[in-house]
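Structure first, then comments.
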């Protein structure tokens with residue numbers, strides 16, 4: 001049996017539920033009035049899924065990416081932490097999203113300020 005890359009405690013699970021709810025609201029707002037390209041959002045989700053190692057998330061985001069027209073190679077690349085299909089304009093945001101997931105939502109100040117500069 002495979003295990004998730006990371007284990008979470010009750011506090012982290014609760015925090016994820018609370019912050020996840022806010023994120024879902026933002027994603028819904030973006031669908032109504034797009035500020036970010038939906039393919040870019042899905043690339044972020046796939047990259048973060050690789051960090052978290054969640055099989056359920058991997059399945060869901062793979063399904064969504066296929067519906068948007070992603071190739072199997074691009075999806076596999078993002079889920080294996082390869083940058084083969086990462087567009088230069090999106091690379092910094094994808095790396096930050098991975099860092100954000102890896103630090104459990106507590107990114108380095110320098111990384112955050114480099115992104116929003």
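In full-length UniProt numbering, the protein residues as written are 1 to 117.
Using N, Cα and C, we set each Cβ at its ideal position, and we do this for glycine too.
Only a predicted model underlies this, so the values are computations on that prediction, with no experimental measurement involved.
Collapsed DSSP secondary structure at residue i in the structure displayed
i	result
residue 20	helix
residue 84	coil
residue 30	helix
residue 108	coil
residue 15	helix
residue 103	coil
8 Å Cβ cutoff met for residue i and residue j
i	j	result
residue 51	residue 91	no
residue 68	residue 89	no
residue 48	residue 97	yes
residue 105	residue 17	no
residue 59	residue 74	no
residue 114	residue 99	no
Extent of the continuous alpha helix (DSSP H) run through residue i
i	result
residue 78	72-79
residue 36	Looking at the DSSP string, residue 36 is not in any alpha helix (DSSP H), and its letter there is neither H nor E.
residue 54	Careful: residue 54 lies outside any alpha helix (DSSP H) and carries neither H nor E.
Alpha-carbon spacing of residue i relative to residue j, whole angstroms
i	j	result
residue 45	residue 80	13 Å
residue 34	residue 25	13 Å
residue 1	residue 117	With a pLDDT of 45 at residue 1, under the threshold of 50, the modelled position of this residue cannot be trusted, and the question is left open.
residue 66	residue 39	10 Å
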